[in-house]
Each structure stands twice: as structure tokens, then as C-alpha cells.
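Remember, the numbering used here sits 3 above the position in the sequence shown when you count from 1. Just so you know, even glycine gets a beta-carbon here, dropped at the ideal spot from N, CA and C. As the structure is a computational prediction, the values presented were derived from the model and not from experiment.
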Amino acid sequence: MMGLVNEVIEKTTTLGLVDFLPVLRWVDFRSKRKAMDMYRKIKLTWGSIIQERRSSKGSDHESRSDSQDFLDIVLADSSFSEDQIGNALMELLIGATDSTTITTVWLMVELIRNQEILSRVREEIAQTVTGDKPSESLLSQCHYFQACIKETLRLHVPAPLLVPHRATETCKVNNYVIPKDSMILVNAWGIARDPDYWNDATVFKPDRFLDAKIGFRGTHFEYLPFGTGLRMCPGSTVAFKNIQMLVGSLLHYFDWSLPGGEALTAIDMNEKYVTTLKKEEPLLLIPKLRYKN
Ligand code: HEM
């Protein structure tokens with residue numbers, strides 16, 4: 004499934020010549036073939052999962068309401084076609100997986116490179132958790148840790164150009180005329196590093212989010228990791244909480260080092276852009292258990 008998610012992202016969202024010269028659209032059979040190919044693969048993958056779930060109707064799984072998942076709920080509504088369900092699930096997976104993983108990796112990288120900040124986060128978590136296990140509600144009281152997640156989303160915007168939008172009407176923005184149907188790409192990455200809005204724009208400084216009450220819900224236009232408006236990310240809250248829980252636990256329970264005892268500052272910071280902006284080389288770290296509870 005992850006292979007398919009990556010393939011769909013790569014093949015359907017990377018920009019091609021035709022996106023800059025729309026006149027070529029009429030002869031662009033390659034993009035159409037790619038889209039049809041992806042459509043077939045999605046249909047094939049989800050088709051069998053949906054069939055399997057349908058045929059398990061009346062089984063133990065079906066009768067236990069606590070084991071119902073998203074797929075059970077949409078299948079219970081007969082107005083959705085198999086294609087609609089498959090495409091919706093695919094969109095959810097595409098939106099949810101890569102972006103969350105990318106942020107988790109960059110957050111770990113930034114904290115491990117900045118040991119002072121890491122110690123402050125750990126101390127805050129330890130003082131809040133006080134012998135208990137890190138939980139969603141306890142970690143939500145760790146404001147400095149939350150500031151670190153926000154700063155990671157600023158410095159490493161996972162979807163630097165958000166998702167392509169389309170102008171539904173011809174309109175004028177400042178003195179530029181945007182014709183109807185133009186593709187609009189918002190450079191959220193550039194905005195998040197603009198020195199007009201951010202001091203030391205390229206430096207990892209979580210403190211900036213402690214004083215300024217800048218949230219990630221698209222109401223502050225200088226900070227748009229989840230987009231803004233009607234099409235902004237519907238998963239922002241769950242993403243933030245998942246990252247908080249995952250990284251909070253990783254930091255609380257483990258010490259981390261680089262293979263071969265390399266200096267922590269030696270982590271390679273190269274990025275790779277394929278619609279999302281991920282770390283080029285996978286992050287390899289060695290965990291060492293700190294607590295046994
Ligand atoms: C750090 C994690 C995440 C980031 C940075 C992120 C970012 C984004 C961005 C930038 C968009 C496009 C917004 C726009 O065009 O203005 C988007 C759309 C979307 N995201 Fe997320 N996302 C994340 C996690 C998630 C999660 C966990 C889910 C699901 C549980 C999710 C589901 C979606 C969906 C379904 C859309 C499409 C919405 C639409 O087209 O109306 N995302 N996300």
C-alpha cells in the first residue's frame with residue numbers, strides 16, 4: 004500500500020511541461036495514460052479489500068461495533084460507489100502518511116542536532132508526566148514541546164507548495180490578472196522562511212512560538228503548513244496529536260545516537276522534493292532504553 008501511495012504522489016502530482024504550457028494539454032496523452040494507470044491500480048487494490056469486507060458481513064467483526072472502522076462506516080451507506088470509497092480512502096492515506104512521517108523525522112533531526120533544546124523538551128515532559136506514561140492529555144500540557152513541533156512545521160513545510168488549487172473565476176490579485184482555470188501554487192515554504200515575517204528565518208528557534216500566539220489553523224497567513232480556507236487539511240489536529248504522542252514517547256523512553264558514534268551535529272540535512280519535501284537520506288538512529296515502565 005505504501006508503494007502505491009508513493010507512486011500516486013509521484014506520478015500524479017509532480018508538475019510537467021503541460022502544467023506550464025496548457026496549450027499542450029490536447030496532445031498530452033502521456034499524462035492521461037499515467038492517470039488511467041494509477042486509477043486502475045487504485046481500483047484493483049481497494050476493490051479486493053472492499054469485496055473482502057463486504058463478504059465478512061454478519062461475521063464476528065461486523066457485529067462488534069467497537070471494531071468498526073472507517074471502511075465499515077462508509078460501506079454501511081449504500082449511496083457510495085466502490086470507486087468513490089476507494090478514491091476517498093486513497094486520498095486519506097496520501098494526505099495522512101507521508102506528511103506525518105516527514106514531520107516526525109525532521110522533528111527528531113532538529114532535536115537531536117540541538118541538544119539544549121532536546122534537554123529542555125525532555126525536562127518538560129518528565130515534569131509533566133511525573134512517573135506516569137506519556138499520554139495525549141499530559142503531552143498537550145507541554146507547551147515548549149508543542150512549540151518545537153510548530154517550528155519544525157515552519158522550517159520543514161512538508162508540502163512546500165501545498166496542493167495545486169484552481170481559480171474558479173478570473174480575478175485580480177494586486178495588479179496581476181489570474182485567468183479562470185489557472186493552476187495556483189502557494190509557496191508556503193517561501194512564506195515560512197520570509198525574513199519580513201520571521202527573525203532568523205532559517206534557524207530552528209521554537210521559542211518564537213511561545214510568545215506569539217501563531218496557530219496552524221490557517222488564520223495566520225505567514226504560517227500555512229496545513230494550508231488555509233475550505234480546502235485546508237482536515238487532519239491537522241489528529242496529525243499534530245499523533246506526532247506529539249509518537250515523538251514524545253520516543254524522547255521520553257530512549258536516548259538516541261548516530262551509528263558509529265558520529266557527532267550528532269553530523270546528521271545530513273539534504274532534502275528531496277517530490278511534491279512533499281522529505282529528508283533525502285533515511286534517518287538512522289540507535290535507541291537506548293532510559294526507563295523500564
Ligand atoms: C503533518 C501532517 C500533515 C500536513 C503537514 C498536512 C498538510 C496538508 C496540506 C498542505 C493540504 C492541502 C491544503 C491546501 O491545499 O490548502 C492537505 C490536505 C489534506 N490532508 Fe493533510 N496534512 C497532514 C496530515 C494529514 C492527516 C493525518 C490526514 C488524515 C487523517 C490528512 C488528510 C488530508 C486530506 C484528506 C486532504 C485533502 C483535503 C481537500 O482536498 O479538501 N492530512 N494536508
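field: Any beta strand (DSSP E) of 3 or more consecutive residues that is wholly inside the region 117-195
entry: 174-176, 179-181
task: Starting from the Cα of Glu274, find the closest Cα among Pro285, Gly218, Ser138, Leu95 and give me that residue.
output: Pro285
message: For the ligand HEM, is there any heavy atom lying closer than 7 Å to the beta carbon of Thr103?
response: True, at least one ligand heavy atom lies under 7 Å from that Cβ.
query: What are the residues that DSSP puts in a beta bridge with Pro290?
result: Partner(s): Trp259.
field: Cβ-based neighbour list, Ile105, same chain, cut-off 8 Å, excluding 5 preceding and 5 following
entry: His159, Pro161, Thr279, Leu280, Lys281, Lys282
task: Take Leu249 and list the residues in its own chain whose beta-carbon comes closer than 7 Å to its own, dropping the five residues that flank it on each side.
output: Thr107
field: Lys275 - DSSP class collapsed to helix/strand/coil
entry: strand
message: Could you tell me the alpha carbon to alpha carbon distance between Thr15 and Val206, rounded to whole angstroms?
response: 33 Å
task: Using 7 Å as the cut-off, classify the Cβ of Pro228 as near or not near the heavy atoms of the ligand HEM, replying yes or no.
output: The answer is yes for Pro228.
- prompt: Near Arg56, which residues of its chain fall below 8 Å by C-beta distance, leaving aside the five closest residues on each side in sequence?
  reply: Leu74, Asp75, Leu78
message: Just to confirm the assignment, what range does the alpha helix (DSSP H) spanning Gly264 have?
response: Gly264 -> no alpha helix (DSSP H), and no H or E assigned at all.
query: Which stretch, first to last residue, makes up the alpha helix (DSSP H) that contains Asp214?
result: 211-214
- prompt: Quick one: any contact between the region 142-161 and the region 227-240, if contact means 3 or more CB pairs under 8 Å?
  reply: yes
field: Inter-residue spacing [alpha-carbon to alpha-carbon] between Trp29 and Arg43
entry: 22 Å
Through-space distance from Arg123 to Gly251, alpha-carbon basis: Roughly 13 Å between the two C-alpha positions.
query: Can you list, in chain order, the residues of its chain whose CB lies under 7 Å from that of Thr103, leaving out five sequence neighbours each side?
result: Same-chain partners within the cutoff: Ala242, Asn245, Ile246.
message: Buried or exposed, going by whether 16 or more other CB atoms sit within 10 Å of the CB of Gln87?
response: Counting C-beta atoms within 10 angstroms of its own C-beta, Gln87 has fewer than 16 neighbours from the protein chains shown and is therefore classed as exposed.
- prompt: Using a threshold of 7 Å, is the CB atom of Cys145 nearer than that to any non-hydrogen atom of the ligand HEM?
  reply: No; taking the cut-off as 7 Å, the Cβ of Cys145 has no heavy atom of the ligand HEM nearer than that.
message: Taking DSSP's pairing of strands, which residues face Leu280 in a bridge?
response: Tyr276
Sequence-distant residues of the same chain with beta carbon closer than 6 Å to Ala99, five excluded per side: Gly238
- prompt: Do you know whose CA, among Ile45, Ile194, Thr268, lies nearest Val112's CA?
  reply: For Val112, the closest C-alpha among the options Ile45, Ile194, Thr268 is that of Thr268.
- prompt: For Ala91, does the three-state DSSP call read helix, strand or coil?
  reply: helix
- prompt: In chain order, what residues of the same chain lie with their CB nearer than 7 Å to the CB of Gly221, ignoring the 5 residues before and after it?
  reply: Leu227, Phe229, Gly230, Thr231, Gly232, Met235
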